[in-house]
Amino acid sequence: MKALMTMDENGGDKSPRDTRTCAIIGGGPAGLMAADVLSRHGIAVTIYDQMPSFGRKFLMAGRGGLNLTHSEPLEAFLTRYQNADWLAPAIAAFPPDSLRELAAELGEPTFTGSSGRVFPKSFKASPFLRALLRRLLAQGVEFRPGFRLIDVAPPTLHLASKSGEGLELHPDAAILALGGASWPRLGSDGQWAAMLAAHQVEIAPLMAANCGYCVEWSANFIERFAGAPLKTIAIRCMDEYRRGEAMITASGIEGGLVYGFGPKLRQSFAQGKDVVIHLDLRPDITDKALETSLSRPRNGQSAANFLRKAAGLTPLSVALLHESGFQHLPKEPQILAALIKAMPLRLTGPAPLARAISTAGGVMSSACTDALMLKSLPGFFVAGEMLDWDAPTGGYLLQAAFATGAKAAHGALAYLSK
Ligand SMILES: Cc1cc2nc3c(=O)[nH]c(=O)nc-3n(C[C@H](O)[C@H](O)[C@H](O)COP(=O)(O)OP(=O)(O)OC[C@H]3O[C@@H](n4cnc5c(N)ncnc54)[C@H](O)[C@@H]3O)c2cc1C
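Listed below in structure tokens is the structure:
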């Protein structure tokens with residue numbers, strides 16, 4: 183290892199150290215992964231985060247069952263990403279199996295669910311996070327929570343605490359792993375975008391991904407159904423038809439099935455248009471079979487009762503048919519069946535970025551070297567969700583965050599050894 187005379191964080195002289203230094207800003211999965219790789223290679227790593235503790239969004243991801251990665255073959259896995267070209271080398275170097283090995287090393291062996299998704303045995307993020315933080319401490323990583331990066335001027339980084347305490351860092355290399363812009367209360371607020379753009383870093387606009395969409399429900403519908411699941415449905419959006427689950431919210435519709443159409447919907451909304459999607463409220467039955475059932479005599483039943491018995495519709499599905507503009511449902515079985523199989527729903531826009539699962543856009547591949555170093559800020563590397571890639575839920579987000587964290591760390595190692 184090189185012996186270097188460095189400055190301390192306040193700019194003062196420090197005794198000679200026998201390692202090179204790397205400052206990591208952002209203590210989510212990408213930053214923590216980078217800290218692991220660098221500290222195992224003997225680099226003196228200090229990791230900073232503006233929040234009072236590390237990995238807050240990761241902990242949130244574990245709330246509903248931490249979907250760490252996916253078990254499908256790598257070739258298929260990579261097709262899930264938009265902008266996959268520049269992610270592929272990072273994920274090939276740190277593929278899903280490597281993330282599963284890391285989890286096992288941390289005492290959280292993984293298992294594959296029926297959908298192919300991979301989960302840690304506890305389903306939670308906290309045991310994984312605690313074990314990783316312990317391992318980093320044992321490897322000599324220093325943790326500095328409560329410090330926000332406010333500017334960069336290579337080789338200097340300027341940080342400040344809430345109380346106004348300033349830090350000026352002069353590390354030998356730096357990794358920025360500042361996350362996207364969703365759930366800002368967990369720390370990732372996307373404010374780095376303006377800071378880096380001022381240093382000629384090309385940034386694609388940050389947009390909500392894996393997010394809900396707004397629908398103008400009536401007050402009565404919201405009161406009755408906000409929070410209700412739509413279990414067995416399918417959606418047709420443009421030329422794509424998929425089955426899955428969604429949920430009604432006070433402002434619209436969300437859930438895995440809806441998230442999957444994100445890239446298509448984003449394009450339409452970017453052109454300032456509302457989008458009409460079509461819900462198939464009975465995906466497991468053909469139009470013809472439905473029409474036959476609906477041809478039964480009604481025998482004085484209310485519309486809701488008839489639809490429940492003849493078409494197997496829930497009260498929520500019946501209310502949806504009314505919400506979609508059909509106060510008086512068609513009487514003809516063929517037309518009614520067609521409506522149940524393709525109910526139009528107007529989406530007026532994406533839900534706010536702050537409520538999205540992830541962020542599309544970010545630091546563009548053209549701004550980075552192959553090693554994820556910023557071309558306009560030599561010695562500064564970037565990783566995680568702040569990069570311009572997008573993927574559906576299913577473990578692809580965390581896999582890319584960990585893999586790019588490892589990739590940026592290897593880039594920093596090569597840079598430091600020059
Ligand atoms: C509700 C929810 C559920 C999710 N579930 C899953 C899931 O099951 N599977 C999956 O693959 N993905 C899931 N995700 C997405 C996943 O959590 C993120 O993609 C992942 O955390 C991104 O990691 P990251 O390290 O790039 O960024 P982050 O985890 O966002 O970490 C970035 C860190 O940088 C810090 N920071 C930001 N700006 C500054 C600054 N200026 N100065 C100092 N520090 C700063 C932040 O405080 C934060 O700690 C979920 C997300 C949400 C919101």
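Residue numbers are given in this note's numbering: position 31 of the sequence shown equals residue 213, and the series is strictly consecutive.
We put the CB at the ideal spot given by N, CA and C, even for glycine.
Rounded C-alpha distance that separates residue i from residue j
| i | j | result |
| --- | --- | --- |
| M242 | E436 | 18 Å |
| D570 | N487 | 50 Å |
| L250 | S484 | 48 Å |
| G576 | G246 | 12 Å |
| F305 | L288 | 14 Å |
| D421 | V457 | 13 Å |
| A363 | G322 | 30 Å |
| K580 | L248 | Note on identity: in this sequence residue 580 is Leu, with Lys being the wrong assignment. Each residue's alpha carbon lies about 10 Å from the other. |
| L269 | F259 | 11 Å |
| D218 | K523 | 51 Å |
| E283 | G213 | 18 Å |
| P366 | F508 | 39 Å |
| T468 | G394 | 28 Å |
| P476 | H252 | Sequence check: residue 476 is Leu here, not Pro. For L476 and H252, the distance between alpha carbons rounds to 42 Å. |
| S567 | G361 | At residue 567 the sequence reads Glu, which differs from the Ser that was named. If I take the Cα positions, the gap works out to 5 Å. |
| L503 | L529 | 15 Å |
| R480 | C419 | 33 Å |
| K344 | P234 | 10 Å |
| G438 | G426 | 7 Å |
| D371 | R537 | 12 Å |
| S297 | R317 | 31 Å |
| A226 | N402 | 59 Å |
| L221 | Y597 | Looking at the sequence itself, residue 221 is Ser, so the reference to Leu does not match. Roughly 15 Å between the two C-alpha positions. |
| G544 | A428 | 27 Å |
| T431 | E405 | 10 Å |
| D462 | A416 | 5 Å |
As assigned by DSSP and simplified to three states, the class of residue i
| i | result |
| --- | --- |
| M233 | coil |
| A205 | strand |
| T474 | helix |
| P497 | helix |
| T468 | coil |
| M546 | coil |
| Q264 | strand |
| H340 | strand |
| T228 | strand |
| L463 | coil |
| L269 | coil |
| L331 | strand |
| F325 | strand |
| S599 | coil |
| M525 | strand |
| D572 | strand |
| I435 | strand |
| A380 | coil |
| F407 | helix |
| T414 | strand |
| H510 | coil |
| T251 | strand |
| V440 | helix |
Exposure label - residue i; buried when at least 16 CB within 10 Å
| i | result |
| --- | --- |
| T261 | exposed |
| L319 | exposed |
| E347 | exposed |
| R464 | buried |
| I517 | exposed |
| L256 | exposed |
| Y423 | exposed |
| D231 | buried |
| P532 | buried |
| H510 | exposed |
| D200 | Bear in mind that a pLDDT of 46 at D200, under 50, signals an unreliable position, so the model cannot answer this. |
| T551 | exposed |
| K239 | buried |
| K184 | With a pLDDT of only 36 at K184, under 50, the local geometry of the prediction cannot be trusted, and the value read off the model is given with reservation. It counts as exposed. |
| F293 | exposed |
| D354 | buried |
| G295 | exposed |
| R482 | At residue 482 the sequence reads Gly, which differs from the Arg that was named. Flag for G482 reads exposed. |
| A591 | buried |
Cβ separation of residue i and residue j, assumed to be a contact under 8 Å, to the nearest whole Å
| i | j | result |
| --- | --- | --- |
| C204 | A356 | 7 Å |
| F329 | L315 | About 17 Å; that fails the 8 Å criterion. |
| P526 | H460 | 6 Å |
| G157 | G237 | The chain is shown only over 183 to 600; residue 157 falls outside these bounds and no answer can be derived. |
| S540 | A391 | 5 Å |
| W374 | L358 | 7 Å |
| I586 | A272 | Sequence check: residue 586 is Thr here, not Ile. Confirmed, about 5 Å. |
| A549 | E384 | 4 Å |
Cβ of residue i within 8 Å of any chain B Cβ
| i | result |
| --- | --- |
| R222 | Included in the structure is just one protein chain, with no chain B present. |
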